[in-house]
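Chains as they are written, first to last, in our numbering: chain A, 52 to 156; chain B, 121 to 403.
Yeah, the Cβ is synthetic: ideal placement off N, Cα and C, and Gly gets one too.
The following block contains the structure:
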């Protein structure tokens with residue numbers, strides 16, 4: 052499955068599913084977020100069928116950003132069965148996220 | 121893809137590294153503050169730089185800069201706010217993003233130590249990037265702890281997008297928007313529980329949701345946590361290699377003596393080693 056772009060409704064639907072959900076909170080005006088973009092795409096491809104990967108644009112979805120206490124972007128959150136299990140703030144290479152995912156698969 | 125060599129830092133070490141790389145036919149981009157803002161520019165007299173005794177720091181920097189420009193070094197004025205080592209190196213400077221195949225760190229020494237609470241609340245109310253995170257603080261109280269000549273502009277930007285800004289520094293900067301309240305303070309402490317709730321400025325507590333800490337440069341280990349350090353300086357070998365492949369360091373950031381002559385020498389070596397690294401990678 053390709054990379055998902057969530058609004059509030061589709062995000063809540065994804066959250067209601069069993070399994071792992073990795074979400075990148077980002078915005079157009081954020082340089083580091085652009086830098087992280089290709090990493091998230093890579094993860095979506097590498098973990099296809101194992102982890103649902105998606106993005107939330109905090110400009111379009113300020114309520115979601117507020118709800119999850121996003122204070123700095125990019126922030127990447129990992130949910131398992133709808134529960135937040137970990138989050139990473141800032142830019143990091145794919146292997147950091149791979150570790151995070153593998154620890155929770 | 122992008123540049124052969126990206127240099128972080130526009131002082132003598134960074135410029136020497138970039139010039140050495142250009143000498144080997146590599147493309148080089150220097151990211152840093154305006155050279156006029158370098159602490160060296162304020163040095164009244166430098167008497168130990170071989171062959172050019174008695175020059176001011178300003179004069180030396182001006183010559184170095186001209187030399188680098190004449191050699192075709194490119195410049196990007198600004199502060200690197202994040203760095204990723206993945207298929208080369210990607211650096212963000214404000215909203216710009218640049219890529220390179222080798223990275224040379226020459227940021228000088230970060231003269232300020234971190235504020236109490238700064239590390240603890242990074243990403244939970246503490247931010248180093250107004251353009252990145254400003255929008256998340258619209259209609260909220262934020263404090264800008266400005267420690268660079270460009271910091272007032274960033275504070276003005278935060279105000280323009282709707283943050284309620286208070287600015288703190290030892291002295292009110294002229295470029296600060298007149299509508300921004302100013303608190304003169306030397307000591308800054310950041311407090312909170314889960315998130316930032318207040319700053320303490322010379323003992324005076326001020327509630328806020330966010331603190332933007334704006335210094336001349338981020339610590340190299342904030343940009344690249346994998347970098348090994350020793351006694352607060354970046355650990356390098358004689359060829360100026362750091363613990364991270366493809367990353368080299370030179371100048372004050374590698375340790376004493378904090379002198380122009382040493383910075384230029386190390387910069388030259390770092391530039392050459394970076395070129396060797398690139399040549400080995402492509403053959």
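Comparing C-alpha positions only, which one of the options sits nearest to residue i?
i, options, result
"residue 252/B", "214/B, 285/B and 265/B", "214/B"
"residue 239/B", "312/B, 194/B, 356/B and 137/B", "312/B"
"residue 84/A", "109/A, 152/A, 67/A and 102/A", "109/A"
"residue 152/B", "127/B, 286/B and 367/B", "127/B"
"residue 327/B", "356/B, 273/B and 261/B", "261/B"
"residue 111/A", "316/B, 256/B and 241/B", "256/B"
"residue 65/A", "86/A, 129/A and 154/A", "129/A"
"residue 329/B", "335/B, 319/B and 379/B", "319/B"
"residue 90/A", "119/A, 146/A, 137/A and 152/A", "146/A"
"residue 107/A", "99/A, 101/A, 118/A and 97/A", "118/A"
"residue 185/A", "53/A, 101/A and 56/A", "As displayed, chain A neither begins before 52 nor continues past 156, which places residue 185/A out of reach and without an answer."
"residue 208/B", "315/B, 149/B, 223/B and 134/B", "223/B"
"residue 254/B", "333/B, 198/B and 295/B", "333/B"
"residue 344/B", "144/A, 71/A and 99/A", "144/A"
Check whether the Cβ of residue i lies closer than 7 Å to any Cβ atom in chain B.
i, result
"residue 128/A", "no"
"residue 85/A", "yes"
"residue 123/A", "yes"
"residue 142/A", "yes"
"residue 88/A", "no"
"residue 133/A", "no"
"residue 82/A", "yes"
Which same chain residues end up closer than 6 Å to residue i when comparing Cβ atoms and leaving out the 5 residues on each side of it in sequence?
i, result
"residue 148/A", "94"
"residue 191/B", "139 and 142"
"residue 155/B", "130, 181 and 185"
"residue 342/B", "none"
"residue 302/B", "287 and 292"
In whole angstroms, what is the alpha-carbon distance linking residue i and residue j?
i, j, result
"residue 181/B", "residue 337/B", "19 Å"
"residue 367/B", "residue 244/B", "29 Å"
"residue 59/A", "residue 249/B", "26 Å"
"residue 386/B", "residue 373/B", "11 Å"
"residue 206/B", "residue 220/B", "10 Å"
"residue 276/B", "residue 350/B", "38 Å"
"residue 365/B", "residue 398/B", "11 Å"
"residue 382/B", "residue 144/B", "21 Å"
"residue 283/B", "residue 266/B", "16 Å"
"residue 395/B", "residue 193/B", "15 Å"
"residue 377/B", "residue 370/B", "12 Å"
"residue 293/B", "residue 97/A", "50 Å"
"residue 258/B", "residue 281/B", "7 Å"
"residue 201/B", "residue 165/B", "32 Å"
"residue 323/B", "residue 384/B", "42 Å"
"residue 234/B", "residue 271/B", "17 Å"
"residue 105/A", "residue 54/A", "5 Å"
At what residues does the beta strand (DSSP E) containing residue i begin and finish?
i, result
"residue 253/B", "It is not in any beta strand (DSSP E) - residue 253/B instead sits in the alpha helix (DSSP H) that spans 250 to 253."
"residue 184/B", "From DSSP, residue 184/B is part of no beta strand (DSSP E) but of the alpha helix (DSSP H) over 177 to 190."
"residue 324/B", "324 to 327"
"residue 404/B", "The requested residue 404/B is not part of the displayed model; chain B covers only 121 to 403."
"residue 202/B", "200 to 205"
"residue 317/B", "316 to 321"
"residue 39/A", "Only positions 52 to 156 of chain A appear in the structure, and residue 39/A is not among them; the question remains open."
"residue 144/B", "It is not in any beta strand (DSSP E) - residue 144/B carries neither H nor E in the DSSP assignment."
"residue 302/B", "302 to 304"
"residue 75/A", "71 to 77"
"residue 241/B", "That residue, residue 241/B, is in no beta strand (DSSP E); it is neither H nor E in DSSP."
Who are the Cβ neighbours of residue i in its own chain at under 8 Å, not counting the five residues just before and after it?
i, result
"residue 393/B", "359, 360, 361 and 368"
"residue 81/A", "124 and 125"
"residue 290/B", "304, 305 and 306"
"residue 116/A", "76, 107 and 109"
"residue 161/B", "155, 177, 178 and 181"
Under 7 Å Cβ to Cβ from residue i, same chain only, skipping five residues before and after it: list those, please.
i, result
"residue 67/A", "133"
"residue 227/B", "128, 129, 337, 340 and 373"
"residue 140/A", "123 and 126"
"residue 142/A", "83, 86, 87 and 125"
"residue 204/B", "210"
"residue 356/B", "362, 369 and 374"
Can you find a CB in chain A that lies within less than 7 Å of the CB of residue i?
i, result
"residue 222/B", "no"
"residue 253/B", "yes"
"residue 420/B", "Since the first residue of chain B shown is 121 and the last is 403, residue 420/B is not available in this structure."
"residue 247/B", "yes"
"residue 244/B", "yes"
"residue 155/B", "no"
"residue 158/B", "no"
"residue 202/B", "yes"
"residue 349/B", "no"
Got a sec, what are the start and stop residues for the alpha helix (DSSP H) residue i sits in?
i, result
"residue 341/B", "340 to 343"
"residue 86/A", "82 to 97"
"residue 105/A", "Note, residue 105/A: premise wrong, no alpha helix (DSSP H); beta strand (DSSP E) at 102 to 108."
"residue 287/B", "Residue 287/B -> not in any alpha helix (DSSP H); beta strand (DSSP E) instead, spanning 284 to 289."
"residue 118/A", "113 to 118"
For residue i, return the contacting residues in chain C, with the cut-off set at a CB-CB distance below 7 Å.
i, result
"residue 77/A", "Absent from the structure is chain C; the protein chains it does hold are A and B."
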